[in-house]
Structures are given as C-alpha cells and as structure tokens.
Amino acid sequence: MKKSKILLTALLSSVVIVGGCSNNTEKKSTTKESSTSNSKSSSTNSTNKKEVKDKIYGLNEYWVVDGQWKLKIDSVTTTTERNQFYKDEPAQVVVITYTYENLGYKGEFQDLFFTPYQVVDGGKKVSKIYPIINLNYVKPTPEGAIMEGAQKAFGLSTESKTIKVMFDKYDSNKKRQKATFEVPVE
16 MKKSKILLTA LLSSVVIVGG CSNNTEKKST TKESSTSNSK SSSTNSTNKK
66 EVKDKIYGLN EYWVVDGQWK LKIDSVTTTT ERNQFYKDEP AQVVVITYTY
116 ENLGYKGEFQ DLFFTPYQVV DGGKKVSKIY PIINLNYVKP TPEGAIMEGA
166 QKAFGLSTES KTIKVMFDKY DSNKKRQKAT FEVPVE
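Written out as structure tokens, the structure is:
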C-alpha cells in the first residue's frame, strides 16, 4: 500500500513536471512566433517609412508632416532678371514659388519658416541662391496660417528642364524631416 502511494505520488509528480515543461515549451514557441511576427511587422513598417522618406514629390504635390506642416511647390520659372552686383554668371536663373501651411509647428524662437535647403540642376550640380529684389520673400508663419506664394531664386550652372529641390527642417519634436521635389522648369 505504501509502495503504491509512493508510486502514485511519483507518477503524478512526473506528469506535473512534464506538463509544466511542455507548457513552457509551447509558451516559448508562441513567444518565438510572436517575436518573429513582430520583427516582420517592424520590418514592414520601417520599409513603409523608408518609402515615405525616399519619396520624390512632384509639382503641386503636398509633403505633409502630420501635426506640423504641409508644403508644395507651385512653380519653377526661368527669369531673365539679373543682379548687376552679383559676380557669378549662372547659365539659368530660376524662381521657385511654393506654399506651406503651419498645421501645428511650434518653434522655440520663431514661427514656421521654410526655404529650400538645396537645389540640384539638370547637370547634377548644387546651385547657389541668386539675389533678386522683386520676390515674394518667405515670412514666419504662425500656427494655423498659410504662407502662399513664397519665392526664392537660384542660379543654375547648367540650363535645366527639371531640377531637384530639397527641404530640410526639424519639427516641434526635434525630429529631422526631409523632402525632395523633382519639378519641371517653365
């Protein structure tokens, strides 16, 4: 009788131990599958984010940073106007006209203020800002307001039918935001 009680206790103990181990194995397996699923999901999300970051915008297409701003290029036109005091003689001078809206950007020192960070001409050369007096210069734009028709001129080294315009700005959360526009020159 004592032997059967000991045997029964040992048998039950081994069932509990083995059951606990297999349950633990299932948990590990489920955790591993969940982890793999999460990493796939994370990989897909980072791919989507990369696609958004690598996106090239066109004319009149908005670059939107949620809760911060939206910006579009309205036109890029060639001008014959030249500055007599400017030493460089660019092959072509273009005026970039753009519009942006402050959707909630709050700067430490100034309201939202956008100018193109870089312009690359058709010959893949980085262009310089060209000083022209009669432009609609950008103004700091408070939350909820729109800066319509802001203008900036650039001197291109190569006559171009298409240029790339890059914008680069830190948002209110101090996260760097970038956008590239590829637009035709009229």
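Start counting the sequence shown at 16; every next residue gets the next number (our numbering). Note that CB positions come from ideal geometry on N, CA and C, so glycine has one too.
Identified DSSP bridge partners for residue i
{"i": "Phe169", "result": "Val109 and Ile144"}
{"i": "Tyr10", "result": "Here the chain has residues from 16 to 201 only, and residue 10 is not among them."}
{"i": "Leu127", "result": "Thr156"}
{"i": "Tyr72", "result": "Phe196"}
Neighbour-count burial assignment, residue i, 16 or more Cβ in a 10 Å radius
{"i": "Val180", "result": "buried"}
{"i": "Ser58", "result": "Any answer about Ser58 is weak, because its pLDDT of 47 lies below 50 and its placement is not dependable; what the coordinates show is given next. Exposed."}
{"i": "Gln107", "result": "buried"}
{"i": "Pro131", "result": "buried"}
{"i": "Ser175", "result": "buried"}
{"i": "Phe196", "result": "buried"}
{"i": "Lys184", "result": "buried"}
{"i": "Pro146", "result": "exposed"}
{"i": "Thr177", "result": "exposed"}
{"i": "Phe129", "result": "buried"}
Sequence-distant residues of the same chain with beta carbon closer than 7 Å to residue i, five excluded per side
{"i": "Leu118", "result": "Gly82, Gln83, Trp84 and Lys85"}
{"i": "Lys154", "result": "Met162"}
{"i": "Val80", "result": "Asp186 and Gln192"}
{"i": "Lys102", "result": "none"}
Contacting residues, own chain, Cβ-Cβ under 8 Å from residue i (five flanking each side not counted)
{"i": "Phe124", "result": "none"}
{"i": "Thr112", "result": "Ile88, Asp89, Ser90, Val91, Thr92, Asn151, Gly164, Ala165 and Gln166"}
{"i": "Thr173", "result": "Ala106, Gln107, Asp136, Gly137, Gly138 and Lys140"}
{"i": "Tyr120", "result": "Gln83, Trp84, Asp126, Leu127, Glu158, Asp186 and Ser187"}
Reduced DSSP secondary structure (H/G/I, E/B, other) of residue i
{"i": "Val135", "result": "strand"}
{"i": "Ser90", "result": "strand"}
{"i": "Gly82", "result": "coil"}
{"i": "Lys176", "result": "coil"}
{"i": "Asp183", "result": "strand"}
{"i": "Thr222", "result": "Because the chain is modelled from 16 through 201, residue 222 falls outside the range shown and cannot be assessed."}
{"i": "Glu201", "result": "coil"}
{"i": "Gly122", "result": "coil"}
{"i": "Glu104", "result": "coil"}
{"i": "Asn117", "result": "strand"}
Would you check if there are 3 or more beta carbon pairs closer than 8 Å linking the region 92-103 to the region 67-77? Proximity of the region 92-103 to the region 67-77 falls short of the contact definition, fewer than three beta-carbon pairs being nearer than 8 Å.
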